[in-house]
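A short write-up of the structure that comes next.
Protein chains in written order, with our numbering: chain Y, 7 to 130; chain P, 86 to 192.
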């Protein structure tokens, strides 16, 4: 069965960086784009970007351009999301999610599997 | 980026009610729209993709319609487990976006 298992909660200081992992299993890791979505406390879902696990090519939300880096290690079927220069506004739950299907430019039609979420708290 | 709005932002309803949520896009997105349900402390769950296709395992009381810039999610007879927040998402551009959400609670 498909599973996305994320790393544990993190507490970081302002100005620091955080790297969240997302271990995929139960499917061909390189066959599906992986996306990252965050949700601040009491707020809605915010799309951060995606990575093509096959090629490593990424596309980021303009909001996170320059502060986020998404990578993957196909040998351990794991995707990573690193966020730098953290501020209190980055306190949120971060999710990885797999997209499936064809869709516009073959980018997918929906996020069918999600990780359990990783709470990142930024506090001095 | 393509912007999505949802209406209403929240609603109160009773078990058995018919509920309709609207999602509007700032430009045409064909039918590249998905709907998600999220309960507190849980990851979102995909309900509908391609505007009207029900995801496997999702009850048939959920349905979606629309194309272009206006879409609707309908719950034909609200059940106790349907009280949650619902989000639309567009997948018609290099950068995906979500709507702000609609919270459905108990009247």
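For each residue, glycine too, the CB sits at the ideal point set by N, CA and C.
Cβ shell of residue i (< 7 Å), same chain only, five flanking positions each side left out
i	result
residue 46/Y	97, 98
residue 89/Y	23, 24, 73, 74, 96
residue 180/P	86
Heavy atom of the ligand SAM within 7 Å of residue i beta-carbon
i	result
residue 107/P	Inclusion of the ligand SAM in the displayed structure is not the case, the ligand content being empty and no account of it being possible.
Residue i vs residue j beta-carbon contact at 8 Å
i	j	result
residue 172/P	residue 50/Y	yes
residue 27/Y	residue 84/Y	yes
residue 11/Y	residue 122/Y	yes
residue 99/P	residue 188/P	no
residue 115/P	residue 152/P	yes
residue 185/P	residue 95/P	no
Where residue i meets chain P, residues with beta-carbon distance less than 8 Å
i	result
residue 65/Y	179, 180
Expected contact under 8 Å - CB spacing of residue i and residue j to nearest Å
i	j	result
residue 24/Y	residue 92/Y	6 Å
residue 131/P	residue 116/Y	5 Å
residue 42/Y	residue 129/P	The Cβ separation is near 13 Å, so there is no contact.
residue 109/P	residue 154/P	6 Å
residue 130/Y	residue 20/Y	6 Å
Cut-off 6 Å between Cβ atoms - residues of its own chain near residue i, not counting five sequence neighbours on either side
i	result
residue 88/P	111
residue 119/P	134, 174
residue 105/P	157, 159
Unbroken beta strand (DSSP E) run spanning residue i, endpoints
i	result
residue 109/P	104-110
residue 43/Y	40-45
residue 190/P	187-191
residue 132/P	130-134
residue 106/Y	98-106
residue 30/Y	24-31
residue 96/P	95-98
residue 65/Y	64-66
residue 120/Y	116-120
residue 180/P	It is not in any beta strand (DSSP E) - residue 180/P carries neither H nor E in the DSSP assignment.
residue 117/P	Segment: none, residue 117/P is in no beta strand (DSSP E) and carries neither H nor E.
Partners in chain A for residue i, counting only beta-carbon separations shorter than 7 Å
i	result
residue 122/Y	Here chain A cannot be found, since the structure's protein chains are Y and P.
Proximal chain Y residues relative to residue i, where beta-carbon distance stays under 7 Å
i	result
residue 131/P	116, 117, 118
Where residue i meets chain Y, residues with beta-carbon distance less than 8 Å
i	result
residue 151/P	In chain order: nothing, as chain Y lies at least about 15 Å away.
residue 185/P	50
Cβ-based neighbour list, residue i, same chain, cut-off 8 Å, excluding 5 preceding and 5 following
i	result
residue 101/P	162, 163
Interface partners of residue i on chain P, CB under 7 Å
i	result
residue 33/Y	Going along chain P, no residue has its Cβ under 7 Å from residue 33/Y, so there is no contact; the nearest lies around 15 Å.
residue 89/Y	The contacting residues do not exist; residue 89/Y stays about 17 Å from chain P at best.
Within chain Y, the residues that residue i reaches when beta carbons sit closer than 9 Å
i	result
residue 172/P	50, 51
residue 190/P	Those within 9 Å of residue 190/P in chain Y number zero; the least Cβ separation is about 15 Å.
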